[in-house]
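Undergrad: The structure under discussion is supplied below as structure tokens; questions concerning it will follow.
Numbering (this note's numbering), first residue to last: 35 to 278.
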């Protein structure tokens with residue numbers, strides 16, 4: 035099992051905070067986001083970790099393996115994922131966004147999944163979204179399930195009834211799952227592919243009859259996506275200990 039951190043993007047919604055550093059180096063509770071992720075992986079006995087660099091990548095100097103998205107300024111998350119194909123086609127990988135903080139226990143849940151592609155989600159997402167947004171529906175995306183298999187993900191939610199939880203930004207892909215992703219992605223135009231985000235890819239897979247497992251978590255986690263998150267989530271009741 036290997037870990038991949040997707041950290042190529044500009045993080046423009048964080049404005050001045052990412053002017054001189056990449057998003058993954060922003061601190062939360064006196065620790066850089068990247069170090070939260072590395073600690074969660076290592077506590078889960080995933081010691082081979084790579085990071086996809088892009089914006090200000092030269093400022094990331096952790097002792098990791100690196101992939102590079104040299105087109106970070108005109109591509110999205112899925113393009114960065116494909117930059118790590120060397121690992122994805124050979125190994126089971128757990129992929130993480132670079133702007134989330136979570137427990138190693140959440141990583142452990144993904145490790146146990148027997149599906150080719152699986153994600154974790156938070157069924158108790160609403161309390162965090164109420165602190166982050168005046169109207170949680172302005173940001174929250176749909177997640178509809180049937181016995182933990184995703185029926186729909188990533189669409190605009192019109193009601194809380196459309197949301198059985200929120201996708202965190204953690205996904206496990208087996209080499210067999212990667213073969214499926216590559217095959218289906220070949221049907222997508224180059225322009226659309228370059229701008230494709232992760233939940234849109236997952237929805238495309240679902241529409242092509244791919245079964246994706248969604249695993250509910252009980253552990254705390256947070257996402258830091260914009261300036262407001264930095265202020266309101268500092269006071270969020272978060273107890274995570276990933277240190278060995």
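Think of the CB as a built atom: it goes at the ideal place given N, C-alpha and C, for glycine as much as any other residue. Everything numeric in this text was worked out from a predicted model, so none of it was measured.
Specify, as a first and last residue, the run of the alpha helix (DSSP H) that residue 263 falls within.
TA: Run containing residue 263: 261 to 266, per the alpha helix (DSSP H) assignment.
Undergrad: Starting from residue 255, trace the beta strand (DSSP E) in both directions and tell me its first and last residue.
TA: That run of the beta strand (DSSP E) goes 255 to 257.
Undergrad: Please report how far the alpha carbon of residue 108 lies from the alpha carbon of residue 228, in whole angstroms.
TA: When rounded, the distance between both Cα atoms is 7 Å.
Undergrad: Quick check on the burial criterion: 16 or more other C-beta atoms within 10 angstroms. Buried or exposed for residue 40?
TA: Flag for residue 40 reads buried.
Undergrad: In the structure shown, what three-state DSSP assignment does residue 173 receive?
TA: Reduced to three states, the DSSP call for residue 173 is coil.
Undergrad: Could you tell me whether the Cβ atoms of residue 84 and residue 118 are closer together than 8 Å?
TA: Yes, Cβ-Cβ distance for residue 84 and residue 118 is below 8 Å.
Undergrad: Could you check if residue 234 is buried or exposed, using at least 16 other CB atoms within 10 Å of its CB as the buried criterion?
TA: It is buried - the Cβ of residue 234 has at least 16 other Cβ atoms within 10 Å.
Undergrad: Helix, strand or coil for residue 53 per DSSP?
TA: Here residue 53 sits in coil by DSSP.
Undergrad: Indicate whether residue 61 and residue 48 have their beta-carbon atoms separated by less than 8 Å.
TA: No, these two residues do not count as a Cβ contact at 8 Å.
Undergrad: Take every Cβ of the stretch 174 to 183, pair it with every Cβ of the stretch 126 to 144, and state whether three or more of those distances are shorter than 8 Å.
TA: No contact exists between the stretch 174 to 183 and the stretch 126 to 144.
Undergrad: By alpha-carbon positions, which one of 261, 225, 267 and 179 ends up nearest to residue 112?
TA: That would be 225, whose Cα lies nearest to the Cα of residue 112.
Undergrad: Rounding to the nearest angstrom, what Cα-Cα distance links residue 215 and residue 249 in this structure?
TA: Their Cα atoms are separated by approximately 20 Å.
Undergrad: Just checking, does the stretch 79 to 99 make contact with the stretch 179 to 191 on the three C-beta pairs under 8 Å criterion?
TA: Touching, no, given that fewer than three Cβ pairs across the two stretches are closer than 8 Å.
Undergrad: How many Å lie between residue 180 and residue 198 at the Cα?
TA: Distance between the alpha carbons of residue 180 and residue 198: 10 Å.
Undergrad: Could you give the distance in angstroms between the alpha-carbon of residue 46 and the alpha-carbon of residue 150?
TA: Rounded to the nearest angstrom, the two C-alpha atoms are 33 Å apart.
Undergrad: Given a cut-off of 8 Å, decide if residue 89 and residue 44 are closer than it, judged by their beta-carbon atoms.
TA: Contact: yes.
Undergrad: Please state whether DSSP places residue 61 in a helix, a strand or coil.
TA: If DSSP states are grouped into helix, strand and coil, residue 61 belongs with the strands.
Undergrad: Looking only at its chain, what residues have a beta carbon closer than 6 Å to the beta carbon of residue 206, apart from the 5 residues adjacent to it on each side?
TA: Closer than 6 Å at the Cβ level, and outside the excluded window around residue 206, lie 128, 144, 147 and 152.
Undergrad: Let's test the definition: count the other Cβ atoms within 10 Å of the Cβ of residue 37 and tell me whether it reaches 16, buried, or not, exposed.
TA: By the 10 Å Cβ count, residue 37 comes out buried.
Undergrad: Given this structure, state the Cα-to-Cα distance separating residue 137 from residue 164, to the nearest angstrom.
TA: Between residue 137 and residue 164, the C-alpha separation is close to 22 Å.
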